[in-house]
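The structure under discussion appears below in the form of structure tokens.
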Amino acid sequence: MAQQDTEHSVNEEPKESGEFIVDTEDCEARELAHRERGTSRPITVVGNPVLHKECKDVTEFGDELAQLIDDMFASQRTAEGVGLAANQIGVDLKVFVYDCPDDEGVRHVGHVVNPVLDELPADRRILDDSNEGCLSVPTAYASLARPDYAVVRGQDMHGNPIAVEGTGYFARCLQHETDHLYGYLYIDRLSKRDRKDALRQMAEGTPRYPVVAND
Ligand code: ZN
């Protein structure tokens with residue numbers, strides 16, 4: 001997901017803990033270690049088939065997966081993103097990485113393999129209509145209502161089960177990246193008119209990072 005270009009709202013929900021991984025400690029060192037081992041790759045953009053179909057489940061938890069995650073952190077940093085899905089660097093596997101602040105400004109760094117979003121109970125489904133952008137729709141932003149709280153379950157790079165909890169902008173990121181791995185871009189959730197406007201913004205802008213040209 002692209003960095004937010006507007007103020008985000010304040011979320012006053014209390015933090016929960018226990019079943020969720022801690023992804024707020026040693027963020028700077030962890031992110032740096034990943035991207036120093038990784039190689040930055042160009043970003044696929046809307047129209048590339050790899051972005052518009054469900055990615056394959058990850059079944060091998062070895063060195064290749066670790067290298068992919070490192071490359072994704074390197075690519076995310078080059079493109080100045082807050083989240084990146086594997087198909088955004090052309091890899092057809094269910095993996096995403098993130099480096100994203102929540103609504104208290106706390107930084108979260110991590111990765112999720114084979115992510116699935118929890119269905120939210122009605123009382124946690126509070127919609128927030130902040131702006132959203134995507135590295136695969138360069139230079140475009142649009143307002144999109146999404147729940148301001150999200151839980152994603154999946155695995156880590158070793159195959160261990162994990163759950164990640166997010167509020168505010170980080171909740172938006174978790175939903176956005178999981179959508180990618182099922183073949184959906186945020187513009188697919190917009191009205192026809194807003195989608196057209198986002199594509200116009202993209203056509204008029206110039207990405208500030210390397211992209212894969214569509215045929
Ligand atoms: Zn995106």
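Under the numbering used here, think of the first position of the sequence shown as 1, with each following residue one higher. Ideal Cβ placement from N, Cα and C applies to all residues, glycine included.
Taking 7 Å as the cut-off, is the CB of residue i close to at least one heavy atom of the ligand ZN?
i   : result
I75 : Correcting the residue type first, residue 75 is Ser in the shown sequence and not Ile. Checking every heavy atom of the ligand ZN against the Cβ of S75, none is found closer than 7 Å.
Could you tell me the distance, in whole angstroms, from the CA atom of residue i to the CA atom of residue j?
i    : j    : result
A85  : V152 : 14 Å
C173 : C100 : 8 Å
V58  : L65  : 9 Å
Y141 : G205 : 11 Å
Y149 : T167 : 5 Å
L2   : G62  : The residue you asked about is not Leu; residue 2 is Ala in the sequence shown. Approximately 29 Å between the Cα atoms of the pair.
E25  : V95  : 21 Å
D92  : D103 : 31 Å
G81  : L135 : 7 Å
K15  : E28  : Only weak support exists for where K15 lies, its pLDDT of 46 falling under 50; the coordinates are left without a value.
G38  : A213 : 22 Å
F170 : P121 : 19 Å
T178 : L185 : 10 Å
V216 : P147 : Nothing about residue 216 can be read from this structure; the chain reaches only from 1 to 215.
R77  : D156 : 20 Å
E31  : Y98  : 9 Å
G18  : N160 : 16 Å
S9   : N131 : Only weak support is given to the placement of S9: the predicted model assigns it a pLDDT of 48, under 50, and the question is left unresolved by the model.
Q201 : G110 : 30 Å
G83  : G133 : 11 Å
Q4   : S143 : 11 Å
R189 : A198 : 12 Å
V22  : Q175 : 19 Å
K56  : N48  : 16 Å
Which same chain residues end up closer than 6 Å to residue i when comparing Cβ atoms and leaving out the 5 residues on each side of it in sequence?
i    : result
H52  : G183
E54  : Y182, G183
H158 : F61
D118 : V151
P42  : P210, V211, V212
Sorted by chain position, which residues of the same chain lie with C-beta nearer than 7 Å to residue i's C-beta, five sequence neighbours on each side aside?
i    : result
G154 : V112, V113, N114, P115, V116, I162
H34  : I69, D70, F73
D215 : none
P207 : P138, T139
F20  : A163, V164, E165
Might you give, ordered along the chain, the residues of its own chain that have their beta carbon closer than 8 Å to the beta carbon of residue i, omitting 5 neighbours on each side?
i    : result
V106 : T24
T44  : V50, L51, N87, Q88, I89, G90, S136, V211, V212
Using only the heavy atoms of the ligand ATP, determine whether one of them is closer than 7 Å to the beta carbon of residue i.
i   : result
I21 : Annotation note on the ligand ATP: not contained in the displayed structure, which lists the ligand ZN as its ligands.
Specify which residues have a beta carbon nearer than 6 Å to any heavy atom of the ligand ZN, listing them in chain order.
M1, C134, L135, S136, H176, H180
Validate contact between the segment 182 to 196 and the segment 119 to 127 using beta carbons, cut 8 Å, 3 pairs
no
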